[in-house]
Amino acid sequence: MWGRPPKAPPPRNRADAETESGRPRKDKVLTGHKTFLIKTYGCQMNVYDSTRMSDVLAPHGYVETGDVEDADLVILNTCHIREKAAEKVYSELGRIRDMAGARASAGRDTLIAVAGCVAQAEGEELMRRAPAVNIVFGPQVTHRLGALVARAQNGERVVETEFPAEDKFKHMPLARRATIAARGPTAFLTVQEGCDKFCTFCVVPYTRGTEVSRPVNEILAEGRRLVDAGVREITLLGQNVNAYHGQDGRGRACSLAGLLGRLGEIGGLERLRYTTSHPRDMDDELIAAHGEMEKLMPYLHLPVQSGADRILARMNRGHDAARYFDLVAALRAARPDIALSSDFIVGFPGETQAEFEATAAMVERIGYAQAYSFKYSPRPGTPAAELGEQVPEEVKAERLAHLQALIHKGQDDFNAACVGRTLAVLLDRKGREAGQLGGRSPYLQAVHVRAPEALTGTIQQVQIRAAGPNSLAGEIASHPDRRADKERPEPRKGDGGGYRREDARP
Ligand code: SF4
């Protein structure tokens, strides 16, 4: 997508961003009223990083535009997860180079920057293959973006992909209250970065580095600031968010459950979520939090990738299928209506038909509310890319189609089971039609409802009337049923293997 909806309003003055102390930054302002556009690929962490890039650029006089041809600075914030990610970036850069050439003919300069995981992985190679690029910077130096732009304006071609000694979060300005408010009632907040797990198919440990957790007080300060500006729901982000182990004010390690508890004390904050989690880091305290914290929404994305033990071992996932089923059982005992989501890779090197069928059986047995599935494709530099026994493309395609049919069936069942229920929906945006608003249920389903715009940012009890594959439709309940958001079905006994799809239905 181009830009980052909802679009932030232009700054009223050059000090649109402030330091964490709340004082205006004293950075030298580079220029006035230049425009920038960020194209964001990939996960929520990149969306969050793009938001922070906007905050870094604001005090330098940069104003966001939604029109790439109007942009004095174009940033591609890239993702390395998808197949042929680098090649797609090069082809996008070709289009931007042509657009920059047309602007140059009209006497307008354009700076082109590449950020994110492809920038981190490619580094100097990007400069060599794409001469139109002015800046290449990795995810760890976002706070230096203003200085990098200044160097590029002076004609330097800048590459910054080293991991700096300083904490970038301490050096990034926070947006003004009005800017946060304009972004809507939901927000991401990165609490952890990097990964130590080294799954054999994944580039993240190489592009994002080892696991680092932000201090508790820093996160609480950012959370309070978001809520003070009108945010009602915060999603905590991390490559392995449940490996969070930041220090509290007394220097003690704090778990993700502890952090959620502290954030839950912020008055005015109604909802908390977190993503993405690793099964190995799903501890008892965090599972219990799902049963105890009203503000923690009953939705969890818990990637498993495969249902076959031998493939899980080849992927270096560090757990087997039985452990995953145990976790699901414990989560459903703590919060019986929890909606589960996952990631799956089909056709991992050496995957037999029987092993694929174990994955398909897992999908049916657990009954996911939604899930993401992909054909395996090698990522250069990862151990799995060197493995033999690559599965033929047509076999991968066949397995993916079969798995996705099961996943869609589970999603349809889950959504259909919501019809007739009253769900608490946080209305966070305009709907597709006039007089309509869109929002999210506790289970993260998109919900459309006829409602006046004045209700944006509020949580309404919505009677669900219809369910589609990707969204629900309903109407605001005339007699709000406050129980809807607080249901606590009786815990079920079992090991997770006994759970049918019906058990997952809200
Ligand atoms: S846990 Fe595995 S898949 Fe997830 S970021 Fe780390 S290495 Fe990649």
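Sequential numbering of the sequence shown, starting at 12, is according to the working numbering.
Built from N, CA and C at the ideal position, the CB exists for glycine as well.
Just so you know, these numbers come straight off a predicted model, no measurement behind them.
For this session: Give me every residue whose Cβ sits closer than 6 Å to any heavy atom of the ligand HEM, in chain order.
Result: No copy of the ligand HEM occurs in the structure displayed; its ligands are the ligand SF4 alone.
Problem set entry | phenylalanine 180 - DSSP class collapsed to helix/strand/coil | As a working mapping, residue 180 is identified with position 169 in the sequence shown. Phenylalanine 180 falls in the helix class under three-state DSSP.
Problem set entry | Cβ-Cβ distance between glycine 275 and aspartate 439 below 8 Å | For the purposes of this step, residue 275 is taken as residue 264 along the sequence shown, with counting starting at 1. For the purposes of this step, residue 439 is taken as residue 428 along the sequence shown, with counting starting at 1. No, they are not a contact pair.
Exercise. Tell me the DSSP bridge mates of serine 482?
Worked result: The count along the sequence shown starts at 1 and reaches residue 482 at position 471. Looking at the DSSP assignment, serine 482 forms a beta bridge with Ala457.
Problem set entry | Inter-residue Cα distance where the pair is alanine 495 and leucine 283 | Translated into positions along the sequence shown, residue 495 becomes position 484. Translated into positions along the sequence shown, residue 283 becomes position 272. Low local confidence applies: a pLDDT of 42 at alanine 495 is under 50, so the model's placement there is unreliable, with the coordinate-based value given in what follows. For alanine 495 and leucine 283, the distance between alpha carbons rounds to 17 Å.
Problem set entry | CA-to-CA distance, histidine 71 to proline 35, given in whole angstroms | Along the sequence shown, read from residue 1 onward, the residue named residue 35 stands at position 24. Along the sequence shown, read from residue 1 onward, the residue named residue 71 stands at position 60. For proline 35, the predicted structure reports a pLDDT of 35, less than 50, and the residue's modelled location is therefore unreliable. The matter cannot be settled from this model.
Exercise. For glutamate 75, does the three-state DSSP call read helix, strand or coil?
Worked result: As a working note, residue 75 is residue 64 in the sequence shown. Of the three classes helix, strand and coil, the one that applies to glutamate 75 here is strand, per DSSP.
Exercise. Who are the near neighbours of leucine 84 in its chain, counting only those whose CB is closer than 6 Å to its CB and skipping five residues on each side?
Worked result: For this step, residue 84 is matched to residue 73 along the sequence shown. For leucine 84, where only same-chain residues beyond five positions count, the Cβ hits under 6 Å are Phe47, Leu122.
Exercise. With 16 other CB atoms within 10 Å as the buried threshold, where does aspartate 295 fall?
Worked result: On the sequence shown, residue 295 is found 284 positions in, with the first residue counted as 1. Aspartate 295 should be labelled exposed.
For this session: Return yes when the Cβ of glycine 149 is within less than 8 Å of the Cβ of glutamate 177, no when it is not.
Result: The residue given as residue 177 occupies position 166 in the sequence shown. The residue given as residue 149 occupies position 138 in the sequence shown. Cβ distance not < 8 Å, so glutamate 177 and glycine 149 don't count as in contact.
Problem set entry | Among Arg451, Gly431, Leu185, Ala462, the one whose alpha carbon lies nearest that of glutamate 444 | Taking the first residue of the sequence shown as position 1, residue 444 is located at position 433. Out of Arg451, Gly431, Leu185, Ala462, Ala462 has the C-alpha closest to the C-alpha of glutamate 444.
Exercise. With which residues is alanine 126 paired in a DSSP beta bridge?
Worked result: Against the sequence shown, residue 126 aligns to sequence position 115. According to DSSP, which records beta bridges pairwise, alanine 126 is partnered with Asn88.
For this session: Can you tell me which of Thr218, Arg376, Pro403 puts its alpha carbon nearest to the alpha carbon of proline 360?
Result: Residue 360 sits at position 349 when you count from the first residue of the sequence shown. Proline 360 has its Cα closest to that of Pro403, out of Thr218, Arg376, Pro403.
Problem set entry | Bridge partner(s) assigned by DSSP for alanine 264 | Within the sequence shown, residue 264 is the residue found at index 253, counting from 1. Alanine 264 pairs with Gln258.
For this session: Assign lysine 95 to one of two classes, buried (16 or more other C-beta atoms within 10 Å of its C-beta) or exposed (fewer than that).
Result: Start at 1 with the first residue of the sequence shown, and residue 95 comes out as number 84. So lysine 95 ends up on the exposed side.
For this session: Go ahead and label alanine 44 buried or exposed: buried means 16 or more other beta carbons lie within 10 angstroms of its beta carbon, across all protein chains shown.
Result: Here residue 44 refers to the residue found at position 33 of the sequence shown. Alanine is not the amino acid found at residue 44; the sequence shown has histidine there. Exposed.
For this session: Output the residue ranges of the beta strand (DSSP E) runs that lie fully inside the segment 378-427 and measure 3 residues or longer, sorted by chain position.
Result: 381-386
Problem set entry | Backbone secondary structure at alanine 435 - three-state DSSP | Against the sequence shown, residue 435 aligns to sequence position 424. Reduced to three states, the DSSP call for alanine 435 is strand.
Exercise. When the distance is taken between beta carbons, is phenylalanine 385 closer than 8 Å to isoleucine 356?
Worked result: Within the sequence shown, numbered from 1, the residue matching residue 356 stands at position 345. Within the sequence shown, numbered from 1, the residue matching residue 385 stands at position 374. Yes; because the gap between Cβ atoms is below 8 Å, this pair is in contact.
Exercise. Taking the alpha helix (DSSP H) that alanine 350 falls in, what are its first and last residues?
Worked result: Looking up residue 350 in the sequence shown gives position 339. Where alanine 350 is concerned, there is no enclosing alpha helix (DSSP H), although the beta strand (DSSP E) it sits in stretches over 350-357.
Exercise. Which residue comes first and which comes last in the alpha helix (DSSP H) that contains lysine 50?
Worked result: Within the sequence shown, residue 50 is the residue found at index 39, counting from 1. First-last for lysine 50: 45-51, but that is the beta strand (DSSP E), not the alpha helix (DSSP H).
Exercise. Would you call the segment 430-438 and the segment 451-471 touching, i.e. three or more CB-CB distances under 8 Å?
Worked result: yes
Problem set entry | Residues near valine 215 by beta carbon distance below 6 Å, same chain, minus five either side | By 1-based counting over the sequence shown, the position of residue 215 is 204. So the qualifying residues of the chain are Cys206, Gln250.
Exercise. Going by DSSP, which residues form a beta bridge with glutamate 222?
Worked result: In the sequence shown, counting from the first residue as 1, residue 222 sits at position 211. Glutamate 222 is not bridged to any residue.
Exercise. Can you tell me the Cα-Cα spacing of threonine 190 and glutamine 164, whole angstroms?
Worked result: The sequence position of residue 190 within the sequence shown is 179, counting from 1. The sequence position of residue 164 within the sequence shown is 153, counting from 1. So the alpha carbons of these two residues sit roughly 26 Å apart.
For this session: Note down, one range per segment and in chain order, each beta strand (DSSP E) of at least 3 residues found wholly within the segment 288-314.
Result: 310-312
Exercise. By DSSP, does leucine 448 sit in helix, in strand, or in coil?
Worked result: Residue numbering aside, residue 448 sits at position 437 when the sequence shown is read from its first letter. Residue state, collapsed to three classes: strand.
For this session: Enumerate in chain order the residues of its own chain whose CB-to-CB distance from proline 290 is below 7 Å, with the five nearest sequence positions on each side excluded.
Result: Here the question's residue 290 lines up with position 279 in the sequence shown. The answer, listed in chain order, is Leu313, Val315, His330, Arg334, Tyr335, Leu338.
Problem set entry | Sequence-distant residues of its chain with Cβ nearer than 7 Å to phenylalanine 180 (five each side left out) | The count along the sequence shown starts at 1 and reaches residue 180 at position 169. Taken in chain order, the residues that qualify are Arg225, Glu229.
For this session: State yes or no: is the C-beta of glycine 378 within less than 8 Å of the C-beta of arginine 346?
Result: As a position in the sequence shown, residue 378 is number 367, starting the count at 1. As a position in the sequence shown, residue 346 is number 335, starting the count at 1. Taking 8 Å as the Cβ cut-off, glycine 378 and arginine 346 do not qualify as a contacting pair.
For this session: Compute the distance between the beta-carbons of threonine 211 and alanine 395, then report whether it is under 8 Å.
Result: Counting from 1 along the sequence shown, the entry for residue 211 is found at position 200. Counting from 1 along the sequence shown, the entry for residue 395 is found at position 384. Yes, the Cβ-Cβ distance between threonine 211 and alanine 395 is below 8 Å.
For this session: Could you please give me the residues that DSSP links to glutamine 316 through a beta bridge?
Result: Here residue 316 refers to the residue found at position 305 when the sequence shown is read from its first residue. Answer is Phe355, bridged to glutamine 316.
Exercise. Which residues bound the beta strand (DSSP E) around valine 242?
Worked result: As a working mapping, residue 242 is identified with position 231 in the sequence shown. Note, valine 242: premise wrong, no beta strand (DSSP E); not H, not E.
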